[in-house]
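A.B. asks: I have a structure here, written as structure tokens, and I will follow up with some questions on it.
Okay, here's the thing in structure tokens:
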């Protein structure tokens, strides 16, 4: 489903899972602590507060010392889980990967890690157990300005760097990331809470592939020359915009950063990027790996909260474009900032995607039907924290009972456990705040009279996961007018809605404010084509779902956003056209 990189990684993961099952058959706990840890006394873990939204009051200043120098940040060794005093729930030794995080990260500006100018940091808990895994710079407008200074200083040279050189650098980035893919996957799992097998098979595999894709397409591009007359020609030359602002979400931290950085750099731009405050750390690990491959100032990472760092960046008059992925309400603010400065934007926002199952899928009890059932259960991918989450399942009445019996059974078989465990299929929600939001929608669905077919509660896990952010995979039977069918929940929750025929399915599918993605499942090619063309969504998956290859454009209709991500067309979102209109005639026109 995730293209060839996904399939290759998935095969290796299945082999690893089988091997782990043999060696841990009689063991109930996720990991076995080392003898060294056993010999020591238990240490109390620091309890994490809720990671608050950018629109709410920021977290208080970390109690940890903020007095560290740049050189110490750069040279500081990564610390084991034991040294950081986290529980065995966050142990990574069974994956043969050292704990990937340092105790503290500054901003990455002008090719090096630097201390935030205010000296302030904030704590970053792992959603797995809500233990602190590191502290990250709490930046403000002054840090943003420092990053913009570095980017503007680097642009004159980087913008003129030849395409071959840029392509080689992007390919080197992909090579380094591939050599460190397991470490990056573990870092993403700890920071975000998604299952390690998804991090390996999907996130990091796609990160590597997207860097290689944009390294390749810029080498194959050609400009255009139009003959106006036998002595006049029009040359069209793409030129980079300059310094761009990029703000990425917390659901796919490394992949969303790559979706923005790779095409921007390929096109010749410099970037100041702000990661989400809920997941600020994995990108710092990535920059430790690739920072030296880029000229200083080409990529700058400034962490912090939305109001303190995100707003100054998005509203700055020193950026030539803003690219944002996140919720629709914040997207509206980004549009206002861009309008004031008259600069282009790319917005990838919310969704309430329909996943439509026609009666002919039940004609045979075969592999395709099994694939359709998996397609239904895809609402659990990444804990449902996907803007294209198939959160509305439309099932034809004639097959409803039999098909839903299979889907409910498959959903109940989804393994929810420690995300660091290879068998885990659904992990932790990215923050306490997000878990509470989803919980409120579970309560709302019940109050609205929706029937709970599976789940419907907060996940209760043990073995050190009691304080983690877990929600049971939940299926509601309801109608399309309910709030849980209309509002984006961003969790492992699906509303199941019956439909009579193709016309009603289309009406229900388009009855939403959003238009990001959709799925159509049928054995009938004509139905698939008609529905695909008529559904108001930027991407319609036919007999598949959650496929995000680099050469497939991604973006939404209606309130799901503006512009596209991925695909070579993304390069033009980071460029402007220079037209050279040249006359080779030697005689004057004769007007004057």
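In my numbering, the protein residues as written are 5 to 596.
By construction, the Cβ of each residue, glycine as well, lies at the ideal position given by its N, Cα and C atoms.
In this text the structure is predicted, and so the values were computed from the model without any measurement.
Assuming residue 304 and residue 113 form a contact by the criterion Cβ under 8 Å, report the distance between their Cβ atoms to the nearest whole angstrom.
C.D. replies: In the chain shown, residue 304 corresponds to position 300, counting from 1. In the chain shown, residue 113 corresponds to position 109, counting from 1. That pair is a contact at about 5 Å.
A.B. asks: Spatial neighbours of residue 590 within its chain, please: C-beta separation below 7 Å, excluding the five flanking residues on both sides.
C.D. replies: One-based indexing of the chain shown puts residue 590 at position 586. In its own chain, leaving out the 5 sequence neighbours on each side, no residue places its CB closer than 7 Å to the CB of residue 590.
A.B. asks: Would you identify the three-state DSSP class for residue 593, choosing helix, strand or coil?
C.D. replies: Taking the chain shown and counting its residues from 1, the one referred to as residue 593 is at position 589. Three-state DSSP puts residue 593 in coil, outside helix and strand.
A.B. asks: Can you give, in chain order, each stretch of the beta strand (DSSP E) that sits fully within the segment 375 to 423 and has at least 3 residues?
C.D. replies: 396 to 400
A.B. asks: Which of the three DSSP states, helix, strand or coil, is assigned to residue 579?
C.D. replies: Mapped onto the chain shown, residue 579 falls at position 575. Three-state result, residue 579: strand.
A.B. asks: Helix, strand or coil: how does DSSP classify residue 340 here?
C.D. replies: By one-based count along the chain shown, residue 340 stands at place 336. The answer is helix: DSSP assigns residue 340 an H, G or I state.
A.B. asks: Let me know if residue 460 comes out buried or exposed under the rule of 16 or more other beta-carbons within 10 Å of its beta-carbon.
C.D. replies: For the purposes of this step, residue 460 is identified with residue 456 of the chain shown, where counting begins at 1. Classification for residue 460: buried.
A.B. asks: Classify residue 221 as helix, strand or coil using the three-state DSSP reduction.
C.D. replies: Reading the chain shown from its first residue, position 217 is the one you call residue 221. In the structure shown, residue 221 sits in a helix (DSSP, three-state: H, G or I).
A.B. asks: Taking just the CA atoms, how far does residue 323 sit from residue 455?
C.D. replies: As a working note, residue 455 is residue 451 in the chain shown. As a working note, residue 323 is residue 319 in the chain shown. So the alpha carbons of these two residues sit roughly 49 Å apart.
A.B. asks: Between the Cα of residue 458 and those of 412, 555, 483, spot the shortest distance and give me the residue it belongs to.
C.D. replies: Counted from its first residue, the chain shown places residue 458 at position 454. Per the Cα distances, 412.
A.B. asks: Where does residue 507 land, buried or exposed, given buried means 16+ other C-beta within 10 angstroms?
C.D. replies: Taking the first residue of the chain shown as 1, we reach residue 507 at position 503. It counts as exposed.
A.B. asks: For a test of the three-state rule: what should DSSP assign to residue 561, helix, strand or coil?
C.D. replies: Counted from its first residue, the chain shown places residue 561 at position 557. Correct three-state label for residue 561: strand.
A.B. asks: Pick from 275, 290, 362: whose alpha carbon is nearest that of residue 599?
C.D. replies: Residue 599 lies beyond the residue range present for the chain, which begins at 5 and ends at 596; the question has no answer from this structure.
A.B. asks: Relative to the C-alpha of residue 414, which residue among 400, 546, 374, 242 is closest?
C.D. replies: Numbered from its first residue, the chain shown carries residue 414 at position 410. For the residues 400, 546, 374, 242, the minimum Cα distance to residue 414 belongs to 374.
A.B. asks: Are the segment 564 to 581 and the segment 417 to 426 touching, with three or more C-beta to C-beta distances below 8 Å?
C.D. replies: no
A.B. asks: Mapping the DSSP letters down to three states, classify residue 287 as helix, strand or coil.
C.D. replies: Here residue 287 refers to the residue found at position 283 of the chain shown. Three-state DSSP puts residue 287 in a helix.
A.B. asks: Could you work out which residue in 382, 450, 355 is closest to residue 477 when comparing CA atoms only?
C.D. replies: For the purposes of this step, residue 477 is taken as the residue at position 473 of the chain shown. Residue 382 is the option with its Cα nearest to residue 477.
A.B. asks: On a Cα-Cα basis, can you pick out the residue from 241, 293, 443 that is closest to residue 230?
C.D. replies: In the chain shown, residue 230 corresponds to position 226, counting from 1. Minimum Cα distance to residue 230 is reached at 241.
A.B. asks: Suppose you measure from the CA of residue 307 to the CA of residue 406; what does that come to, to the nearest Å?
C.D. replies: One-based indexing of the chain shown puts residue 307 at position 303. One-based indexing of the chain shown puts residue 406 at position 402. Using only the alpha carbons, I get a separation of about 49 Å.
A.B. asks: Does DSSP classify residue 530 as helix, strand or coil?
C.D. replies: For the purposes of this step, residue 530 is taken as the residue at position 526 of the chain shown. Note: residue 530 maps to helix in three-state DSSP.
A.B. asks: How many angstroms separate the CA atom of residue 584 from the CA atom of residue 232?
C.D. replies: Position 580 of the chain shown, counted from the first residue, corresponds to residue 584. Position 228 of the chain shown, counted from the first residue, corresponds to residue 232. One C-alpha to the other measures close to 12 Å.
A.B. asks: In whole angstroms, what is the alpha-carbon distance linking residue 140 and residue 188?
C.D. replies: Numbered from its first residue, the chain shown carries residue 140 at position 136. Numbered from its first residue, the chain shown carries residue 188 at position 184. Their backbone Cα atoms lie some 17 Å apart in a straight line.
A.B. asks: Can you have a look at residue 533 and say buried or exposed, based on whether 16 or more other CB atoms are within 10 angstroms of its CB?
C.D. replies: Your numbering for residue 533 matches position 529 in the chain shown. Residue burial annotation: residue 533 is exposed, with fewer than 16 other C-beta atoms found within 10 angstroms of its C-beta.
A.B. asks: Give me the Cα-Cα distance between residue 497 and residue 259, rounded to the nearest whole angstrom.
C.D. replies: Position 493 of the chain shown, counted from the start, is the residue given in the question as residue 497. Position 255 of the chain shown, counted from the start, is the residue given in the question as residue 259. Answer to the nearest angstrom: the Cα atoms are 23 Å apart.
A.B. asks: Just verifying my parser: in three-state terms, what is the DSSP assignment at residue 350?
C.D. replies: Working through the chain shown from its first residue, we reach residue 350 at position 346. Three-state DSSP puts residue 350 in a strand.
A.B. asks: Helix, strand or coil: how does DSSP classify residue 278 here?
C.D. replies: Locating residue 278 in the chain shown gives position 274, where the first residue counts as 1. In the structure shown, residue 278 sits in a strand (DSSP, three-state: E or B).
A.B. asks: Could you tell me whether the segment 515 to 523 touches the segment 389 to 409, using the rule of 3 or more Cβ pairs below 8 Å?
C.D. replies: yes
A.B. asks: Locate the beta strand (DSSP E) running through residue 501, then write down its first and last residues.
C.D. replies: Looking up residue 501 in the chain shown gives position 497. Taken as a continuous stretch (DSSP letters only), the beta strand (DSSP E) holding residue 501 covers 497 to 503.
A.B. asks: If I'm right that residue 154 touches residue 300 with Cβ under 8 Å, what's the distance once you round it to whole angstroms?
C.D. replies: On the chain shown, position 150 is the one that residue 154 refers to. On the chain shown, position 296 is the one that residue 300 refers to. Sure, about 7 Å apart at Cβ, within 8 Å.
A.B. asks: Going by alpha carbons, who is nearest to residue 464 out of 447, 431, 220?
C.D. replies: Locating residue 464 in the chain shown gives position 460, where the first residue counts as 1. If we check each option's Cα against that of residue 464, 431 comes out closest.
A.B. asks: Since I believe residue 272 is in contact with residue 163 (beta carbons under 8 Å), could you give me their beta-carbon distance rounded to a whole number of angstroms?
C.D. replies: Here residue 163 refers to the residue found at position 159 when the chain shown is read from its first residue. Here residue 272 refers to the residue found at position 268 when the chain shown is read from its first residue. That pair is a contact at about 5 Å.
A.B. asks: Over the uninterrupted beta strand (DSSP E) stretch that includes residue 450, give me the two end residues.
C.D. replies: Here the question's residue 450 lines up with position 446 in the chain shown. No beta strand (DSSP E) contains residue 450, which is instead part of the alpha helix (DSSP H) from 436 to 451.
A.B. asks: Look at the Cβ atom of residue 132, then the Cβ atom of residue 94, and state whether they are nearer than 9 Å.
C.D. replies: Sequence index remark: in the chain shown, residue 132 carries index 128 (1-based). Sequence index remark: in the chain shown, residue 94 carries index 90 (1-based). Yes, the Cβ-Cβ distance between residue 132 and residue 94 is below 9 Å.
A.B. asks: Only counting the same chain, and skipping five residues up and downstream in sequence, which positions put a Cβ closer than 6 Å to that of residue 330?
C.D. replies: By one-based count along the chain shown, residue 330 stands at place 326. Answer for residue 330: 253, listed in chain order.
A.B. asks: Please state whether DSSP places residue 162 in a helix, a strand or coil.
C.D. replies: As a working note, residue 162 is residue 158 in the chain shown. Residue state, collapsed to three classes: helix.
A.B. asks: Which residue comes first and which comes last in the beta strand (DSSP E) that contains residue 127?
C.D. replies: To locate residue 127, count along the chain shown from 1; it is residue 123. Start and end: 125 to 129.
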